[in-house]
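J.: Handing you a structure now.
Number of protein chains: 2
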Amino acid sequence: MSLDESAQKPHDRLSAHLAGDLERVNALIRARMASEHAPRIPEVTAHLVEAGGKRLRPMLTLAAARLCGYAGDHHIHLAATVEFIHTATLLHDDVVDESTRRRGRTTANLLWDNKSSVLVGDYLFSRSFQLMVQTGSLRVLDILANASATIAEGEVLQLTTAQDLRTDEAVYLNVIRGKTAALFSAATEVGAVIAGAPEHQVSALRTYGDALGIAFQIVDDLLDYGGSSTTIGKNIGDDFRERKVTLPVIRAVARATPQEREFWCRVIEKGDQRDGDLDRALAIMAAHDTMKAIRKEALDWAAKARDALSALPGHVLRDTLTDLADFVVSRVS
Amino acid sequence: MSLDESAQKPHDRLSAHLAGDLERVNALIRARMASEHAPRIPEVTAHLVEAGGKRLRPMLTLAAARLCGYAGDHHIHLAATVEFIHTATLLHDDVVDESTRRRGRTTANLLWDNKSSVLVGDYLFSRSFQLMVQTGSLRVLDILANASATIAEGEVLQLTTAQDLRTDEAVYLNVIRGKTAALFSAATEVGAVIAGAPEHQVSALRTYGDALGIAFQIVDDLLDYGGSSTTIGKNIGDDFRERKVTLPVIRAVARATPQEREFWCRVIEKGDQRDGDLDRALAIMAAHDTMKAIRKEALDWAAKARDALSALPGHVLRDTLTDLADFVVSRVS
Numbered sequence: 001m002s003l004d005e006s007a008q009k010p011h012d013r014l015s016a017h018l019a020g021d022l023e024r025v026n027a028l029i030r031a032r033m034a035s036e037h038a039p040r041i042p043e044v045t046a047h048l049v050e051a052g053g054k055r056l057r058p059m060l061t062l063a064a065a066r067l068c069g070y071a072g073d074h075h076i077h078l079a080a081t082v083e084f085i086h087t088a089t090l091l092h093d094d095v096v097d098e099s100t101r102r103r104g105r106t107t108a109n110l111l112w113d114n115k116s117s118v119l120v121g122d123y124l125f126s127r128s129f130q131l132m133v134q135t136g137s138l139r140v141l142d143i144l145a146n147a148s149a150t151i152a153e154g155e156v157l158q159l160t161t162a163q164d165l166r167t168d169e170a171v172y173l174n175v176i177r178g179k180t181a182a183l184f185s186a187a188t189e190v191g192a193v194i195a196g197a198p199e200h201q202v203s204a205l206r207t208y209g210d211a212l213g214i215a216f217q218i219v220d221d222l223l224d225y226g227g228s229s230t231t232i233g234k235n236i237g238d239d240f241r242e243r244k245v246t247l248p249v250i251r252a253v254a255r256a257t258p259q260e261r262e263f264w265c266r267v268i269e270k271g272d273q274r275d276g277d278l279d280r281a282l283a284i285m286a287a288h289d290t291m292k293a294i295r296k297e298a299l300d301w302a303a304k305a306r307d308a309l310s311a312l313p314g315h316v317l318r319d320t321l322t323d324l325a326d327f328v329v330s331r332v333s
Numbered sequence: 334m335s336l337d338e339s340a341q342k343p344h345d346r347l348s349a350h351l352a353g354d355l356e357r358v359n360a361l362i363r364a365r366m367a368s369e370h371a372p373r374i375p376e377v378t379a380h381l382v383e384a385g386g387k388r389l390r391p392m393l394t395l396a397a398a399r400l401c402g403y404a405g406d407h408h409i410h411l412a413a414t415v416e417f418i419h420t421a422t423l424l425h426d427d428v429v430d431e432s433t434r435r436r437g438r439t440t441a442n443l444l445w446d447n448k449s450s451v452l453v454g455d456y457l458f459s460r461s462f463q464l465m466v467q468t469g470s471l472r473v474l475d476i477l478a479n480a481s482a483t484i485a486e487g488e489v490l491q492l493t494t495a496q497d498l499r500t501d502e503a504v505y506l507n508v509i510r511g512k513t514a515a516l517f518s519a520a521t522e523v524g525a526v527i528a529g530a531p532e533h534q535v536s537a538l539r540t541y542g543d544a545l546g547i548a549f550q551i552v553d554d555l556l557d558y559g560g561s562s563t564t565i566g567k568n569i570g571d572d573f574r575e576r577k578v579t580l581p582v583i584r585a586v587a588r589a590t591p592q593e594r595e596f597w598c599r600v601i602e603k604g605d606q607r608d609g610d611l612d613r614a615l616a617i618m619a620a621h622d623t624m625k626a627i628r629k630e631a632l633d634w635a636a637k638a639r640d641a642l643s644a645l646p647g648h649v650l651r652d653t654l655t656d657l658a659d660f661v662v663s664r665v666s
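Protein sequence lines, in the order shown, are assigned to chains A and B. Using our numbering, read the first sequence as starting at 1 and increasing by one per residue. Using our numbering, read the second sequence as starting at 334 and increasing by one per residue.
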């Protein structure tokens, strides 16, 4: 590896290594998001798909398949499948969260309407389903069906736990598995399965995806409380204002004095937020070392992801996936 | 068949013939709509699933499988799959149409919120997907994946053609295939496939479901303009007020005088509707014999459904499906 290359972010190195595959995935995505009858579909989809998402999930599938020595074509279908599922959930999430910005652009629900976002999301789900059927692997279908159920269940769970201070870490873990880790883990697992990898490697790549996804989401939730000075595309305090009960709040509430508990009830449960409340929340978290403990938690998950890769053969892609696990938590370390 | 039995509606006769199977389908639906983590899911789903839908689609699957001599268990999974897909689309439709009543009850989007309807719909889609994977039949998965894509595409198409008087009969046919016929036809086809029926019977049952679904939807659209005095659970003029371009409007516009065309532009495209406009629309349709022509069209599709069944062996279920095709159009004949 040249000095230049090692200086790149792991994500960009994955892109470079998988450039040929990625080009085929992008071509397949463009072909399959078209609709003969309903021109609204590619309009909405293109807005999101071509907005320059990082294609992280499809790259996980491609990397897992290549790492397991796959030489066929079906990893391309599966990578496109995973990106379609991801895009469909983004469209529905933006309706549910009433979001206005996504990937630096105005969201589809604002540009068109909620109806289009709901229905085009459904269309992408069904397209993803057609793509995976083409692989002819029932095991792959089973993994992706289970991941879809976990994703949907996690979303509903998140909806019903918002503003509820009784939410504990076990529930939080279910929410973020649904939100992030289930698709990461299905993405890596199906790559290994389609390659016909031995079971211990399939299991290692599933664990890698799961732990990477959990680390990623914990970091994301931490950054929302300013876990780093260089936050990327996310406003500090969004979750606080939306009264989401994420790990920072759960940990702070667990150690709260009676007075602090009153504060959390007011701002999160009752939604009565005043000027200075976010600063007070941050001060309370700082007093309890909440951020430090959560940072440690994220590092542990990243280490779990890294360790899982020891079951895989030595390979430049393995090294890059290892670095990716470190990179994900480097945003807060 | 007793005199009593022949007097029953075909739908009730299907219920009676398939009672044992239906009970198993209902038990499976109840088991699979549960969610360990998110109690909101069964609340929302039960509201809809237990509101006493007619279970028409799952009965089509059960009848097709039994008619083809199936003696296994997978038709139960497929019938539940089909009902879950149907329920999921209803949840999303009610969000898209901003409906307030469904099956005689307040809709889930009003009782809970749009968010719950979107996400619980997604959950049911993923549950249906898990159920069909359990059959282990890639052909069944392929049929249902294609049906899902047709459904979603039809919904988007309907959204973009609403209020557009250029909508022609070919587009209308795509819309109602998505809205109704695609799932009817997949329901009957997978029943035949899971039974291992010969290709000409699979094709006959696919055709039956498609033609039945089209007849059903044309009749529904006709009834919205009062095609019968005994309309069931639907207010006359809903489509008119929502400016949907269904077959009655398409046919009336095709024969419109310049003055009538101005009327249609005002009420459908511009949405400027005044007292007496629905009556005027009905009078214009009467003058052009629009209803009569559409009734004939529905009867032709019902005849096509009936004729397809000649490829199937003599069987009480075949007779009942034949009667069902007649019954569907009897609402307007």
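Every residue gets a Cβ at the ideal spot worked out from N, C-alpha and C, and that includes glycine.
May I have the straight-line CA-CA distance separating CYS265(A) from LEU165(A), to the nearest angstrom?
T.: Spanning the two alpha carbons is a distance of roughly 7 Å.
J.: Comparing C-alpha positions only, which one of GLY72(A), ARG40(A), PRO42(A) and SER333(A) sits nearest to ARG24(A)?
T.: GLY72(A)
J.: Could you list which residues in chain A have their beta carbon closer than 8 Å to that of GLY469(B), in chain order?
T.: LEU138
J.: Taking beta-carbon pairs under 9 Å, can you tell me which members of the stretch 341 to 371 of chain B lie near chain A?
T.: SER368, GLU369, HIS370 and ALA371
J.: Anything in chain B within Cβ reach of ILE41(A), meaning under 8 Å, just list it in chain order.
T.: Chain B residues near ILE41(A): GLU486 and VAL489.
J.: Please report how far the alpha carbon of HIS77(A) lies from the alpha carbon of GLU260(A), in whole angstroms.
T.: 51 Å
J.: Quick one: which unbroken alpha helix (DSSP H) runs of 4-plus residues sit fully inside the stretch 596 to 661 of chain B? Chain order, please.
T.: Taken in chain order, the whole alpha helix (DSSP H) runs of length 4 or more contained in the stretch 596 to 661 of chain B are 610 to 620 and 623 to 641.
J.: Would LEU516(B) pass as a contact of HIS407(B) if the rule is Cβ separation under 8 Å?
T.: no
J.: Starting from the Cα of ALA215(A), find the closest Cα among VAL190(A), PHE327(A) and GLU36(A) and give me that residue.
T.: PHE327(A)
J.: Are the beta-carbon atoms of LEU119(A) and ALA88(A) separated by less than 8 Å?
T.: no
J.: Would you mind telling me which residues of chain A sit closer than 9 Å to ASP475(B), beta carbon to beta carbon, in chain order?
T.: GLN130, VAL133 and GLN134
J.: Rounded to a whole number of angstroms, what is the C-alpha to C-alpha distance between ALA530(B) and THR521(B)?
T.: 12 Å
J.: Just how far apart, CA to CA, sit ARG331(A) and VAL535(B)?
T.: About 56 Å.
J.: Assess, as a yes-or-no matter, whether the stretch 125 to 142 of chain A is touched by the stretch 461 to 480 of chain B under the definition of 3 or more beta carbon pairs within less than 8 Å.
T.: yes
J.: Can we say the stretch 569 to 583 of chain B touches the stretch 502 to 516 of chain B, given the rule of at least three CB pairs closer than 8 Å?
T.: yes
J.: To the nearest angstrom, how far is the alpha carbon of GLN606(B) from that of VAL429(B)?
T.: If you take the alpha carbons of GLN606(B) and VAL429(B), they lie about 22 Å apart.
J.: Specify the secondary structure class of THR579(B) as computed by DSSP and reduced to three states.
T.: coil
J.: Helix, strand or coil: how does DSSP classify MET59(A) here?
T.: Reduced to three states, the DSSP call for MET59(A) is helix.
J.: Step through the CB atoms of chain A and report whether any lies within less than 8 Å of the CB of HIS425(B).
T.: yes
J.: Kindly say whether ASP277(A), judged by its beta-carbon, lies nearer than 8 Å to any beta-carbon of chain B.
T.: Not one chain B Cβ lies under 8 Å of ASP277(A).
J.: Does the structure place the stretch 311 to 322 of chain A close enough to the stretch 59 to 73 of chain A that three or more beta carbon pairs sit under 8 Å?
T.: yes
J.: Listing by chain order, which chain A residues have their CB less than 8 Å from the CB of SER449(B)?
T.: The contacting residues are VAL156 and LEU159.
J.: Closest to LEU395(B) by CA distance: which of SER348(B), VAL377(B), PRO375(B) and HIS370(B) is it?
T.: SER348(B)
J.: If you pair each beta-carbon of the stretch 607 to 619 of chain B with each one of the stretch 353 to 372 of chain B, do three or more pairs fall below 8 Å?
T.: no
J.: Among the residues of its own chain, which have a CB less than 7 Å from the CB of GLY609(B), if the five just before and after it don't count?
T.: none
J.: Less than 8 Å between the CB atoms is what I'm expecting for GLU416(B) and PRO391(B), so what's the real figure, rounded?
T.: Between GLU416(B) and PRO391(B), the beta carbon gap of about 5 Å places them in contact (Cβ cut-off 8 Å).
J.: If contacts are defined as beta-carbon pairs under 8 Å, then THR414(B) and LEU492(B) qualify, I think. What distance do you get, rounded to the angstrom?
T.: In fact, because the Cβ distance is near 25 Å, the residues do not count as touching under 8 Å.
J.: Among ASN447(B), ASP554(B), THR494(B) and THR500(B), which residue has its Cα nearest to the Cα of THR513(B)?
T.: ASP554(B)
J.: Using CA coordinates, which residue listed in ALA254(A), ASP300(A), ALA308(A) and ASP307(A) is at the minimum distance from ASP289(A)?
T.: ALA254(A)
J.: Only counting the same chain, and skipping five residues up and downstream in sequence, which positions put a Cβ closer than 6 Å to that of LEU657(B)?
T.: Listed in chain order, the non-local C-beta contacts of LEU657(B) below 6 Å within the same chain comprise PRO343, local neighbours out to five positions each way being set aside.
J.: Residues of chain A with a CB under 7 Å from the CB of SER481(B): which are they?
T.: SER126 and PHE129
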